[in-house]
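Below: the structure, in C-alpha cells.
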Amino acid sequence: MSEPERDTPHVPAPSLWPIGFAVGVACILVGLVVSVPALIVGALITLVFGFLWVRDLFAKHPVTSAVSGEPEPAVATVGHVDQNVDRATFLSLATIGVGGLIGAGVTLPVLGFGVLPSFMGEGIETFEVDLGPISNFPEGQFVIATYLEDPEQGEVTRRTAFIRNNGRTDDDVPSFTTIYSRCVHLGCPVQPNGPIDEEARKEVNGVELRPVLAASFGCPCHGGLYDSEGNRNAGPPVRSLDRFEFSIKDGNLILGRLFSVGNVDGTGAKARISKYYRAYPGVHVDGLERFLYPIPTPGSTS
Amino acid sequence: MAKSARRQQLETVALYPLDWVEERSGLVGYTKWFLFRKVPRDISWAQTLGAASLTAFIVQAVTGVFLAMYYKPDPDNAYASIQNITEDVTLGWLVRGMHKWGASVFIILMFFHMARTFLFGAYKYPRELNWIIGVLILVLGMLEGFTGYLLPWDNTAYWATVVGLNLNATAPFAGPFLAQFLQGGLDINPDTLSKFYALHMLLVPAGIMALIGLHLYLVVRLGVTSPPWSATAAGRERPEVTGPREGLIRDPAAGAPPAAADGEAAS
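Chains H and D, in that order, are what the protein sequence lines are. Using our numbering, you'd call the opening residue of the first sequence number 1 and step up by one each time. Using our numbering, you'd call the opening residue of the second sequence number 303 and step up by one each time.
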C-alpha cells in the first residue's frame, strides 16, 4: 500500500480551519431561521475560524515554495499531486459534512414535529362531563348515558357510559358504578344485554339517559362478555371494563378521568376496584403480561 | 427507388425529435435499456403479475389525485364530500369506485405476484434484495389500505380504524406509542383524520414510488428468471461464482451437479 516516494512528511497537513468555518456558516444559516443567539454564535465561529484559515494560508506560502524549490523536481511534483489528492478528499469530506449538518438541521426539527407531540401527551385533556342530577339515576339499575365529551370537537367525541346508582356505601358516601362502553379487547362499543326502557328516556343538557335492564355487557365485534361489574366473563378481553372517576357537585353527577381496571371484587357499593392508569384496549394492566407494557401511555397519567 | 428515398425522408422527419432528445439526454437509450430486454424463452402470463401490480398502483395514484381535488379531510365535511363525489360530481361514482375496488385489486395482485415469485424460486440469489424490497412495498401497500379506510368517515371506517389502532396498541413495548402516534391522542380525534390523509396521499405513496423504482431497476439489472422446470438456462450468462460460495451453486447449463461428478469418478 505505502509507496516510499510518496512519503513526504514535510508537506503540511491539510488545515482543519475550513471545517470550523463551514460549521460557522451553517450555524449562521440555522440562526437566521431559529434564533438570534445562534446567529451570533455562528458569526463568532465563522470569524474566528475564517481568521485562522486565512492566517494559515499565508503562513503556508513559504513552505510550499520550499517544496518546489527542492533540487529534485520529481519529488516536488509528487508532493504537489499528493497535496491535490488531499485537498480533493478534504473537499468531498467537507461537502458531506456540511451537507449532513444542513440536512440534519432541516430534518431533525421536522421529524421531531412529526413524532414528538404524540409522545408528550400533548392535546390530551380530561373533560369533566355533567350528567345532570343524580335523581335521574334509579338505584340498582344501569342507565346508558350518551354525551359529547368535547362539544367543540363535535360528534367525534361522542362517548357512552353505563352508570348505576349503588345507593350509599357503609361510610354514607354516594356510590356509582361508572363503566366506559369501550371494549377492552380492541375498542368496539360494548352493548348492555337487556331491554332499553325507551319511554323513560331523558335528555339533560345534551346528555341522553336511557335506563336499561341489564346484568351483563357484550361486545358485538369479537364476542367479549362482561358481568355487571365489568369483569370479563367470556371472550378475548384481557381485563375488566374501564371506569370513570366521578364526583358530585350541586347534586349533579360529574364524570372525570378515565382509568383502567384490573379486576373488581364484590359488587355495587361494596366493590373493591383494582385501579390503573388508563391503558389502551388489549393492553394488560396486571398479571405477568403487564411487563410487556412497562411505560404508561403518554397523557394517561396527567 | 423514388419511393424508398421518400420513405427514408419521412423516417428521418419522424425520428428527428427522438434523435434530438437522445442527443441531448441519452434518454432514448435508457428507455430501450429498460423496455427492450432479453427474457427467457419459456416465460408465460405468470411473469406479467408484477406489471399488473404496477398498473394497479398507477390507477390508484391517478384516481387518488383526482379524488383529492374534491375530498375534504375534516370531521365536519369528510363524509359529505364523499357523498358529493359519489352522487353529484360527473363520473365521480366511477373514479371513487375505481379507487375503492382498485385498492383491493392492488393488494391481491401483489400477493399473486409474491406467490409466483416464491413458487418459481425467483427470490433466490441474486434476487434476494428485490424480494426484500417487494415485501416493503407490500407493507406500505397495506398501510395505504389502513389509512385510506378511515377517510370516508362513516361508522364502518371509524370502528374499523378503532379496532386497527388498538390492534397496533397491543404490540409489546412500542404498541401503545405506535397507536398514539397514528391517532395523535388517546382516542380518534379530528387530527387523526388529517394525519391519516397526509400519510395516505403523501408519505406512503412517495415511499411506494421510490421502492417501485428500485424494484424495477433490479428487475432490469438482474433479468427475468426461467421457471424451475425450464429446459434451458436463463437468458444470460451466469457469472462465475468465486469465494466462499464457490461450489455451492449448481450450473444447470453445465449439466451434472458436483455430486454426480463424484459418482462418475467412483465408478
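In this text, a Cβ means the ideal position worked out from N, Cα and C, and glycines have one as well.
Review point. Considering only residues of the same chain and omitting the five flanking positions on each side of T463 of chain D, which have a CB-CB separation below 7 Å?
Key: Y451, L452, I490
Check your understanding: In terms of DSSP beta bridges, what is S240 of chain H paired with?
Key -> H:V261
Review point. Between D286 of chain H and the rest of its own chain, which residues show a CB-CB distance below 6 Å, the 5 nearest in sequence each way excluded?
Key: G262
Practice item. Please check the pair V129 of chain H and I254 of chain H, which I expect to be a contact at CB under 8 Å, by giving their CB distance rounded to whole angstroms. Key: 7 Å
Review point. If L369 of chain D sits next to I345 of chain D, beta carbons under 8 Å apart, how far is it from one beta carbon to the other, in whole angstroms?
Key: No, L369 of chain D and I345 of chain D are not in contact; Cβ-Cβ is about 36 Å, not under 8 Å.
Point to revise | Beta carbon proximity, S181 of chain H to chain D, threshold 8 Å | key: no
Exercise for review: State the CB to CB distance for the pair T169 of chain H and F246 of chain H, rounded to an integer number of angstroms; the pair is presumed to be in contact (CB under 8 Å).
Suggested key: T169 of chain H to F246 of chain H, Cβ: 13 Å. No contact.
Check your understanding: Rounded C-beta distance between A405 of chain D and G352 of chain D? I'm assuming under 8 Å.
Key -> With 8 Å as the limit, A405 of chain D and G352 of chain D do not qualify as a contact, their Cβ atoms being about 18 Å apart.
**Study point:** Classification of P454 of chain D by the beta-carbon crowding that lies within 10 angstroms, buried from 16 upward
**Key:** buried
**Study point:** N470 of chain D, buried or exposed, once every other Cβ within 10 Å from all chains shown has been counted against 16
**Key:** buried
Check your understanding: Considering S175 of chain H, what are the terminal residues of the beta strand (DSSP E) in which it resides?
Key -> 174 to 180
Check your understanding: Does any residue of chain H bring its CB to less than 8 Å from the CB of Q362 of chain D?
Key -> no
Review point. Does the distance from the C-beta atom of E139 of chain H to that of G167 of chain H stay below 8 Å?
Key: yes
Review point. If we count the other Cβ atoms within 10 Å of its Cβ and call it buried at 16 or more, is S528 of chain D buried or exposed?
Key: buried
**Study point:** Closest by C-alpha distance to A94 of chain H, when choosing among H:V33, H:P133, H:A26
**Key:** H:A26
Review point. Would the beta-carbon of E155 of chain H fall within 8 Å of that of F127 of chain H?
Key: no
Practice item. Sort H:D197, H:V36, H:A161 by Cα distance to V306 of chain H and report the nearest one. Key: Residue 306 of chain H cannot be examined here, being either before or after the span of chain H that is shown, 1 to 302.
Exercise for review: Determine, using beta-carbon pairs with one atom in the region 330 to 345 of chain D and one in the region 512 to 528 of chain D, whether at least three such pairs fall under 8 Å.
Suggested key: yes
Review point. When the cut-off is 8 Å and only beta carbons count, does V156 of chain H lie next to chain D?
Key: yes
Point to revise | Proximal chain H residues relative to W461 of chain D, where beta-carbon distance stays under 7 Å | key: C188
Practice item. Output, in chain order, the set of chain D residues within a Cβ distance shorter than 8 Å of R278 of chain H. Key: L488
Review point. Can you list the residues of chain H that F483 of chain D reaches, using a CB-CB cut of under 7 Å?
Key: V115, S118
Practice item. Tell me whether E229 of chain H is buried or exposed, calling it buried when 16 or more other Cβ atoms sit within 10 Å of its Cβ. Key: buried
Review point. Does A471 of chain D have its Cβ less than 8 Å from a Cβ in chain H?
Key: yes
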